[in-house]
Amino acid sequence: MKKFDLSMLTIAILVLALVIVGVALKPADDPVIATTGKSQITQGQLYEHMKESYGKQTLGILVSRNLVVEEAKELGVSVQESEVDQEINKLKEQIGSEEVYQKTLKRQGYTEASFRGTLRTLLLRDKVFAKAYPVTDEEIQDYYNKYKSNFGDPAPALEQLRPTIVEELNASKRKKYMDEWLDGLEKKFGVQYLDPSLSLKKEEPKAEEQKTEASKKEEPKTEAPKTEAPKTETQKTETPKTEAPKSN
């Protein structure tokens with residue numbers, strides 16, 4: 002399964018809307034959404050093209066999002082609006098102003114509401130992931146010992162740097178274990194891809210196919226070494242003929 006990141010989540014949400022429309026449409030009521038001269042492009046054509054181009058990757062992201070929500074319900078994990086506000090305020094500080102922030106959202110195809118929803122999903126993912134791969138005190142101490150010189154001379158106390166170190170370690174774990182974690186959730190919740198053309202996983206060979214393949218892989222027959230029967234008296238061996246030397 003592909004990484005569950007912000008950009009792919011955006012594509013997933015856009016394609017999901019088209020998937021819903023594409024499923025609902027019948028050939029007779031497939032609306033035209035663009036014209037090129039005398040040619041027309043319908044919404045169904047757009048859906049099929051996007052399905053072919055982004056379908057597998059996007060479906061993987063949508064499945065990942067649902068898995069995170071299911072796991073969060075089991076663990077009792079949630080995200081408060083104040084947490085979303087905090088992340089947005091950080092982003093605004095990095096960008097520089099409210100005006101630049103709004104222009105950036107528009108350029109990326111977000112509304113304020115859609116961006117908050119995407120950010121909320123990612124925060125939920127990170128919380129649930131941290132339950133599966135928690136940062137330990139030993140890891141924090143090791144990180145501090147190894148990199149404290151990077152924080153100044155003298156370096157601040159460990160407890161002062163703890164939030165920064167935890168954030169760094171969490172990011173490292175997500176990069177290393179995210180796919181492994183999502184694969185585990187797929188097995189846990191029994192994900193099924195009902196459209197084979199969109200499945201990210203290779204289909205397991207059927208039982209009959211396995212038998213056929215097994216029969217093809219039979220061990221090669223080994224022939225016993227041929228042994229010649231001992232010759233009888235009637236089977237005399239011929240000796241090479243030698244000519245007597247001619248006398249002058």
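Under my numbering, residues 2 to 249 are what the sequence shown spells out, in order. Note that the Cβ used here is the ideal one computed from N, Cα and C, for glycine as well.
**Asked** How close, in whole Å, do the beta carbons of valine 136 and valine 167 come, if the pair is a contact with beta carbons under 8 Å?
**Response** At roughly 5 Å, the Cβ-Cβ gap stays under 8 Å, so valine 136 and valine 167 are in contact.
**Asked** Between which two residues does the alpha helix (DSSP H) containing valine 85 stretch?
**Response** For valine 85, the enclosing alpha helix (DSSP H) begins and ends at 82 to 96.
**Message:** Strictly by DSSP, which residues pair up with threonine 43?
**Reply:** Paired residue(s): Val33.
**Asked** Is the beta carbon of leucine 162 less than 8 Å from the beta carbon of tyrosine 145?
**Response** Result yes, Cβ atoms of leucine 162 and tyrosine 145 sit closer than 8 Å.
**Item:** For leucine 124 and valine 80, believed in contact at Cβ under 8 Å, the rounded distance
**Value:** Their Cβ separation, rounded to whole angstroms, is 5 Å, which keeps valine 80 and leucine 124 in contact under 8 Å.
**Asked** Any chance the region 52 to 69 sits against the region 88 to 104, with 3 or more Cβ pairs inside 8 Å?
**Response** In short, these stretches do not touch, since the Cβ pair count stays below three.
**Message:** Looking only at its chain, what residues have a beta carbon closer than 8 Å to the beta carbon of isoleucine 141, apart from the 5 residues adjacent to it on each side?
**Reply:** Same-chain partners within the cutoff: Leu159, Arg163, Ile166, Val167 and Leu170.
**Message:** According to DSSP, simplified to helix, strand and coil, what is tyrosine 111?
**Reply:** Reduced to three states, the DSSP call for tyrosine 111 is coil.
**Prompt:** Would you call the region 98 to 116 and the region 65 to 80 in contact, with 3 or more CB pairs under 8 Å?
**Reply:** As far as the Cβ criterion goes, the region 98 to 116 does not touch the region 65 to 80, which means the pair count is below three.
**Asked** Between the beta-carbon of threonine 122 and the beta-carbon of arginine 175, is there less than 8 Å?
**Response** No, these two residues do not count as a Cβ contact at 8 Å.
**Item:** Reduced DSSP category for aspartate 138 - H, G, I as helix; E, B as strand; rest coil
**Value:** Note: aspartate 138 maps to helix in three-state DSSP.
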